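Participant: If you're matching them up, the sequences are chains Z and W in order. Under this note's numbering, the very last position in the first sequence is 543; numbers go up by exactly one each time. Under this note's numbering, the very last position in the second sequence is 1003; numbers go up by exactly one each time. Heads up, the beta-carbon is just placed ideally off N, CA and C, and yes, glycines get one too. These numbers were taken from a predicted model, which means no experiment stands behind them.
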Amino acid sequence: MVKKLDITQGLPDPSKVMDEIMAKYPTKIAKKRQKSLVVNDPAEGKEIQANVRTIPGIITQRGCTYAGCKGVVLGPTRDIINLVHGPIGCSFYAWLTRRNQTRPAEGEDNFITYSFSTDIQDSNIVFGGEAKLKDAVREAFEIFKPKAIGIFSTCPVGLIGDDVHSVSREMKEELGINIFGFSCEGYRGVSQSAGHHIANNGVFKNVIGNNNRDRIGKFQINLLGEYNIGGDAFELERLFDEAGITLLSTFSGNSTIESMEYAHTADLNLIMCHRSINYIAEMMEEKYGIPWVKVSFIGAEGSAKALRKVAEYFDDAELSAKVEEIIEREMTKVEVVREAVKAKTEGKLAMMFVGGSRAHHYQDLFSEIGVTTVSAGYEFAHRDDYEGRDVIPSIKIDADTRNIEDLTVEKDLELYREDLAVKKEKLLKNGYEFSNYDGMMPEMKKNSLVIDDINHWETEKLIEYYKPDIFCAGIKEKYVVQKSGVPLKQLHSYDYGGPYAGFEGAINFYLEMERMLCTRIWKMVTTPWKTDPEIVGSFAINE
Amino acid sequence: MLLNHTTSKIVERKALTVNPAKTCQPIGAMYAALGIHGCLPHSHGSQGCCSYHRSTLTRHYKEPVMAATSSFTEGSSVFGGQANLLQAITNIFTIYEPDIIAVHSTCLSETIGDDLGQIVSKAASDGKIPEGKHVIQAPTPSYVGSHVTGYANMLEGIVKYFAKKSDSLKNQLNILSGWVEPSDMRELKRILKLMKVKNVLLPDTSDVLDSPMNGKFEMYPKGGTTIPEMVSMGDSLHTLALGEWATEKAAINLDNQCKVKFSIQDLPIGIQATDRFIQSLAKLGSVSVPESINDERGRLIDVITDMHQYLYGKRVALWGDPDQLIPLAEFLVDMDMKPVYIVSGTPGKTFEKRMEKILSKSVPEAKYKNGANADMLLMHQWIKENPVDLLIGNTYGKYISRDEKIPFVRMGFPIIDRVGHSYFPTLGYMGGLRILEKILSVLMDQQDATCPEESFELVM
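#1: Between W:C994 and chain Z, is any beta-carbon pair separated by less than 8 Å?
#2: Taking 6 Å as the limit between beta carbons, can you name the residues of its chain near Z:G505, skipping five residues before and five after?
#3: DSSP state of Z:W292, grouped into three classes?
#4: Spatial neighbours of Z:A199 within its chain, please: C-beta separation below 6 Å, excluding the five flanking residues on both sides.
#5: Z:L349 CB to nearest chain W CB: under 8 Å?
#6: Take W:V832 as the anchor and find which of W:V740, W:A576, W:F967 and W:P682 has the nearest alpha-carbon.
#7: Between W:F615, W:I635 and W:I814, which has its C-alpha nearest W:A626's C-alpha?
#8: Could you pull out every residue in the same chain whose Cβ sits closer than 7 Å to the Cβ of W:M878, ignoring the five residues on either side in sequence?
#9: Is it the case that the segment 269–288 of chain Z contacts the segment 77–92 of chain Z, given that we only count it when at least three CB pairs across the two stretches are under 8 Å?
#10: Using a Cβ-Cβ cutoff of 8 Å, what residues of the segment 631–644 of chain W are near chain Z? List them in chain order.
#11: Please state if the CB of W:G767 and the CB of W:C582 are separated by a distance shorter than 8 Å.
#12: Taking Z:D109 as the reference, give the member of Z:K132, Z:I149, Z:I88 and Z:T118 with the closest Cα.
#13: Of the choices Z:I112, Z:N403 and Z:I120, whose alpha-carbon is the least far from that of Z:P146?
#14: Please list the partners that W:I655 has in chain Z, where partner means a Cβ-to-Cβ separation under 7 Å.
#15: Name the one or two DSSP bridge partners that Z:F251 has.
#16: Could you list which residues in chain W have their beta carbon closer than 7 Å to that of Z:V190, in chain order?
#17: Around the Cβ of W:K565, are there at least 16 other Cβ atoms within 10 angstroms (buried) or fewer (exposed)?
#18: Does any C-beta atom of chain Z lie closer than 8 Å to the C-beta of W:H548?
#19: Can you find a CB in chain Z that lies within less than 8 Å of the CB of W:N913?
#20: Chain W partners of Z:P87, CB-CB under 7 Å?
#21: How about W:T587 and W:T649: are their beta carbons less than 8 Å apart?
#22: With 8 Å as the limit, tell me which residues of the segment 417–441 of chain Z have their beta carbon closer than that to any beta carbon of chain W; keep them in chain order.
#23: The beta strand (DSSP E) spanning W:Y884 covers which residue range?
#24: In terms of alpha-carbon separation, which member of Z:K294, Z:F92, Z:D398 and Z:A350 lies closest to Z:L462?
#25: So, is Z:E185 buried or exposed, given that buried needs 16 or more other C-beta atoms within 10 angstroms?
#26: By the three-class DSSP mapping on this structure, what secondary structure does W:W862 have?
#27: Tell me which residues share the same chain as Z:M1 and place their Cβ nearer than 8 Å to its Cβ, disregarding the 5 neighbours each side in the sequence.
#28: Classify Z:Q9: buried if its beta carbon has 16 or more other beta carbons within 10 angstroms, exposed otherwise.
#29: Give a yes or no on whether the C-beta atoms belonging to W:T560 and W:G688 are separated by under 8 Å.
#30: Is there contact here, the segment 571–582 of chain W with the segment 448–456 of chain Z, by at least three beta-carbon pairs under 8 Å?
#31: Do the CB positions of Z:F434 and Z:W522 come within less than 8 Å of each other?
#32: From Z:Y386 to Z:D316, what does the alpha carbon distance come to, in whole angstroms?
#33: When you compare only the Cα positions, how much space is there between Z:G195 and Z:R275?
#34: So which of W:N796, W:F760 and W:M898 has the shortest CA-CA distance to W:D781?
#35: Under 8 Å, CB to CB, which of the residues in the segment 387–404 of chain Z have a partner in chain W?
#36: Considering only residues of the segment 446–497 of chain Z, which uninterrupted alpha helix (DSSP H) runs meet the minimum length of 4 residues and lie entirely inside it, listed in chain order?
Structural data, given as structure tokens:
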């Protein structure tokens, strides 16, 4: 058996393995990658290179802008038609492959199970695809009668000069429903991240604020950056519901277009996934005066903290009492499972390389069962997600990202919530934290290895070095890592399980870790006759 | 209802595709390239395509699927992707050390007009391709054809680059295996061995996409057609190309380039197509058919005669790729079933002719369509108009199956919610037996689950 890495004296300095990794790279590549691998020191606050272009041929985990825009942000909204303008692939691959669950009420629209495409052909590339796009919009309207249609551009659309925005305006006029376009061609930016930004801008311009409906609850909040993978949002809906907190809109798990239209009537925005949705939070505060706070409902402790944070904001005795009651009840259930699982998982090592948010959040869940995260990183997060929002002023926007629009937002004189601004000032004085995210690195151990945009070569070397008990990443990595004898937990799709958010989610995750970290089959990988003495002499049958 | 917006009212569509029965070219090229030994597929486009294609193949096989990408940015989309590809080639050979890089394109690089051949030549003349290593390429524009076209294009690219004619004719057949599973490639090899026909099978994803767990990740697994084998294809006696859509281009290329005559045949799915395959092998290889194959055939016929009552007259809806659908429809008809609705997103003129020949007499009510707007929405609407007893197709059919309570057999690509397709073949007589068993199981499970209690049968 391979000897486990000893971390009883703290994490060892991984500089040697970093050197080994770099040694294989061409000099120029080594120079670039060097800046994206950082030996963490929470006391010192180190800088990491992130959100820069991918090195060709390196075998990245990353996807594209279209995936970030259609696949991630708008895809989960169940009652609009997401029409993909392009050849068939982009629409096909984003068809039901992210597990944003939906639960429409009887008779409500749900288009999640459908894939809509203009399926453009070579003649459209030559002569343009706008006419086909218009026809497709008309046909979608005639057949499905949706409340709204979003049009998503793929790689060739920008190149051949199709204008999805003017087509949207024209069709909106003609059909009388909300129709809006996104210039989320796959080559824009350097990753899914640009797609998040483009989606945020589009939703903010075309959807949020379209419905000034009256209050329906005493405490109205939005949950931003929660996509209801495996039912995560359902678990949170359960908690808010019981506490008497009105969840107006979720961006965008199990959401409807209407809920997004009145999102601006909330009193507070909670951000789960900072990377994908912080733009909308910032813009809503500028325009409508709604403050935002970063929370994490991944992990039981984090969930309790997040609920208390909301209660503290509203400063209502009845709400606070209810929240404490829920926390106490739920934590009692959680503790029973946690203790039992921790006895078996304590001291194990984890690594995680996931998207733009979970690589941080899930460290809390792991530490609750005594598992240490030795190395972590994101595919496409920015420096603020690693180092905290304080570094934002010093982030340089490079040439690859410069063309992603930053909207100029102004105060809405009629709808701006002065009362909330006043409330925020008062709470700030009491030490309540708004508009902040400290990032992943300050919460990781000294000498943990932080890597941005990890590639296959680095993954292999790290597994060899750390011999982790569990590796968390996505479907492309899953079987690669498992073939080397290390179980991989998918933290994008949850391996078709979940939910993992909230208290119930924490329990599910502990049990899942017990299953994966203590399973028998990994011990059977080596054949018994490999270690047994070889049999000498033989006779053949039927030969 | 999962697909509650689908109604029987069919609105003529000319622009909108809903729930496609195809995907785009590059994933087929990636799959074909994985069937050659020591090869790393490379996607020349923005990186989203490569991630999607790797993910889909991984979900289908539950196996590692490696590929690299040029990772276009907006700059390269305007000025061309040559620099990206040249850099990628250097990085891949330095870091990942494949013997072969197989480059395919995407709608992005095709639209801006990158010429893969020219860029690869430049890489060679700039000394970026190490001694003894190879870079092959095939254009795979996503806005033409489908994933099957991409497979065909890469297969053509492979033989174009490797197959050489020398002075010595080799006593072997080229078998172009078509887009089938690793299990099917393995079955083809088994049959060829039983027939004692020396051959080169291209591509061959067995031992690549069904590799064992032994505690060590192999970036280039032991399977895949080797370079000497591919080179030798130019000296073969004949090329037997299985599946017109996937293999015709490569077969024609081998003929043009090396004067190896070819014949194109259906994939050996079911009785008659397998009969034709075995007869061709016997004729081309000048061998007689061994008793063991006669026995396999006899067993398949035996089970059909035994269970005919459960099959007779059953209405079936199929979707997928033409090369599979044609012999499958023929097999179903041979079992007295009725393939009434058939769609394929993959275009191609011979589809309708072939279907007409198979179906016009025995299933005159059949509706079939391929190419533009031949999607799963249309098929579902046909089903709503007049229901069927069985669905056969890829995983996406499970939504229709659940809504309409129709028994469902998974066949085709992708199957991302079950295992089996990569381990158990559907080709040959043994594959036919497996298809038959799957069909009977779901039909009988349905009967068991829904029949009145008094007619619940112990023996069936």
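Facilitator: Reading off the structure:
#1: no
#2: Apart from the 5 residues on each side of it in sequence, Z:G505 sits with its Cβ closer than 6 Å to the Cβ of E235 and P499 in its chain, given in chain order.
#3: strand
#4: C69, V73 and L74
#5: no
#6: W:V740
#7: W:F615
#8: Correct list, in chain order: I847 and L854.
#9: By the Cβ rule, the segment 77–92 of chain Z does not count as touching the segment 269–288 of chain Z, because fewer than three pairs are nearer than 8 Å.
#10: A631, I632, T633, N634, I635, T637, I638 and Y639
#11: yes
#12: Z:I149
#13: Of the listed residues, the one whose Cα sits closest to Z:P146 is Z:I112.
#14: L159
#15: Z:L224
#16: T616
#17: buried
#18: The beta-carbon of W:H548 is placed less than 8 Å from the nearest beta-carbon of chain Z.
#19: no
#20: C567, C650, S685 and Y686
#21: The identity of residue 587 of chain W in the sequence shown is His, whereas the question assumes Thr. The answer is yes: Cβ separation under 8 Å.
#22: Those residues of the segment 417–441 of chain Z that come within reach of chain W (Cβ to Cβ, closer than 8 Å) do not exist; the list is empty.
#23: K881 to S887
#24: Z:A350
#25: buried
#26: In this structure, W:W862 counts as strand in the three-state DSSP scheme.
#27: No answer about Z:M1 holds up, because its pLDDT of 45 lies below 50 and its placement is not dependable.
#28: exposed
#29: no
#30: no
#31: no
#32: 34 Å
#33: 11 Å
#34: Note that residue 781 of chain W is His in the sequence shown, not Asp. Here the closest residue by C-alpha is W:N796.
#35: Residues A399, D400 and N403.
#36: 456–466 and 475–483
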